[in-house]
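**Student:**
Residue numbers (this note's numbering): 54 to 389.
The structure is reproduced here in structure tokens:
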């Protein structure tokens, strides 16, 4: 089974290269790497020297990405287009540079071969106040204008402007926009006086950033977006659009909507401190990871940081090498 990995990276180039080497499986795997344009790409290229199945997005395909803005979607779409033009078969697997497999290549391949007509993405209808307690269950993500201020790591990184709202807080957000993104001043009347026109060609679902989909499904999505540019224009001002756009497309388009399994195929644990980032796995999480490995529909885990704890990846490597040698079959009962 052909596996086309999209890797979104911005830090830890050696760890990303380690991920690629771990997932490399002869002529069955290809890697399309997007390095955030805000960071130097050269260390990533150097870390992957000698790997002939690694392709870096360059030129206009490489974009700036800020938390919650459209950059992540744009980078992902650019990689999908590259894959669709070069690889006609198999699956596309979206990863970050800080993901790591918890199943060996043999198990990953066998699992995907057991589901050749399926896509995998967490999905739930919006609004959902049980899944997204903030932002009115997701409604505000769609109805407000989300604009990044291009200030990563600062106290105020973005603003969400509510149309036809003139209270102190909303007007303060407008002032922040004028101060830090003056090139968008001409759009301020739109943000304040034009309610968002939510395209009615989609049914909207919440999700996670990460998914696994058939290359054929990606081609259907790209064709749809080419025919409906208003969808891309709309999502440019959605908050964290990658958590809505791809699941909505998969669950709306006739070629995909009945084939989506509600799973991202990965283990992610969220911190209890309301952080927007998942917890980092360490050696203290070996029992948790071991239990996840017993579920054959969990193929990857997120996230790891070799500068904080590389031992946990060393430990996983030993287990994965043992798994690869032993081999196990996957049946259609393994996906819950």
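Where is the CB? At the ideal position from N, CA and C, for every residue including glycine. Keep in mind the model is a prediction, meaning the values are calculated, not measured.
Tell me whether residue 217 is buried or exposed, calling it buried when 16 or more other Cβ atoms sit within 10 Å of its Cβ.
**Tutor:** Flag for residue 217 reads exposed.
**Student:** Since residue 199 sits in a beta bridge, which residues does DSSP pair it with?
**Tutor:** According to DSSP, which records beta bridges pairwise, residue 199 is partnered with 213.
**Student:** Check whether the Cβ atoms of residue 128 and residue 61 sit closer than 8 Å, and answer yes or no.
**Tutor:** Going by C-beta atoms, residue 128 is nearer than 8 Å to residue 61.
**Student:** My parser needs the alpha helix (DSSP H) runs of 4 or more residues fully inside the segment 261-296; what are they?
**Tutor:** Segments of the alpha helix (DSSP H) lying fully in the segment 261-296: 268-280, 282-288.
**Student:** Please state whether DSSP places residue 234 in a helix, a strand or coil.
**Tutor:** Note: residue 234 maps to coil in three-state DSSP.
**Student:** For residue 111, which of 156, 123, 360, 131 has the nearest alpha-carbon?
**Tutor:** Of the listed residues, the one whose Cα sits closest to residue 111 is 131.
**Student:** Have a look at 150, 146, 134 and flag the residue whose alpha-carbon is nearest the alpha-carbon of residue 101.
**Tutor:** If we check each option's Cα against that of residue 101, 150 comes out closest.
**Student:** Please list the segments of the alpha helix (DSSP H) lying wholly inside the segment 89-136, counting only runs of 4 or more residues, in order along the chain.
**Tutor:** If we require 4 residues or more, the alpha helix (DSSP H) runs fully inside the segment 89-136 come out as 95-100.
**Student:** Just list the residues that DSSP pairs residue 86 with in beta bridges.
**Tutor:** BP columns for residue 86 point to 60, 109.
**Student:** Just to confirm, are residue 194 and residue 297 a CB contact at a threshold of 8 Å?
**Tutor:** Yes, they are a contact pair.
**Student:** Under 8 Å: do the segment 251-270 and the segment 305-316 share three or more Cβ pairs, one atom per stretch?
**Tutor:** With the cut-off at 8 Å, the segment 251-270 and the segment 305-316 touch.
**Student:** Classify residue 365 as helix, strand or coil using the three-state DSSP reduction.
**Tutor:** Three-state result, residue 365: helix.
**Student:** Going straight from the alpha carbon of residue 356 to that of residue 240, what length do you get?
**Tutor:** For residue 356 and residue 240, the distance between alpha carbons rounds to 37 Å.
**Student:** Would you report the Cα separation of residue 333 and residue 358, rounded to the nearest angstrom?
**Tutor:** Looking at the two C-alpha atoms, the distance is approximately 7 Å.
**Student:** Take residue 161 and list the residues in its own chain whose beta-carbon comes closer than 6 Å to its own, dropping the five residues that flank it on each side.
**Tutor:** Counting only Cβ-Cβ distances below 6 Å, and skipping sequence neighbours, we find 352.
**Student:** Using a 10 Å radius around the Cβ and a threshold of 16 neighbouring Cβ atoms, would you call residue 382 buried or exposed?
**Tutor:** Confidence at residue 382 is low in this model, with a pLDDT of 49, below 50, so its placement is unreliable and the value that follows should be read with caution. The residue in question, residue 382, is exposed, as its Cβ has fewer than 16 Cβ neighbours within 10 Å.
**Student:** Quick one: Cα of residue 134 to Cα of residue 221, how far?
**Tutor:** Approximately 43 Å, taken between the alpha carbons.
**Student:** Could you check if residue 246 is buried or exposed, using at least 16 other CB atoms within 10 Å of its CB as the buried criterion?
**Tutor:** Label assigned to residue 246: exposed.
**Student:** Quick one, are the C-beta atoms of residue 147 and residue 264 less than 8 Å apart?
**Tutor:** Cβ atoms of residue 147 and residue 264: closer than 8 Å.
**Student:** Label residue 113 either buried or exposed according to how many other C-beta atoms from any shown protein chain fall within 10 Å of its C-beta, with 16 as the threshold for buried.
**Tutor:** Classification for residue 113: exposed.
**Student:** Curious, which full-length alpha helix (DSSP H) runs of at least 4 residues does the segment 300-378 contain?
**Tutor:** Fully enclosed alpha helix (DSSP H) runs of 4 or longer: 339-346.
**Student:** Buried or exposed, going by whether 16 or more other CB atoms sit within 10 Å of the CB of residue 251?
**Tutor:** Per the 10 Å Cβ criterion, exposed.
**Student:** Which of helix, strand or coil does DSSP assign to residue 219?
**Tutor:** Three-state DSSP puts residue 219 in coil, outside helix and strand.
**Student:** Tell me whether residue 173 is buried or exposed, calling it buried when 16 or more other Cβ atoms sit within 10 Å of its Cβ.
**Tutor:** Burial call: buried.
**Student:** Only counting the same chain, and skipping five residues up and downstream in sequence, which positions put a Cβ closer than 8 Å to that of residue 92?
**Tutor:** Counting only Cβ-Cβ distances below 8 Å, and skipping sequence neighbours, we find 63, 64.
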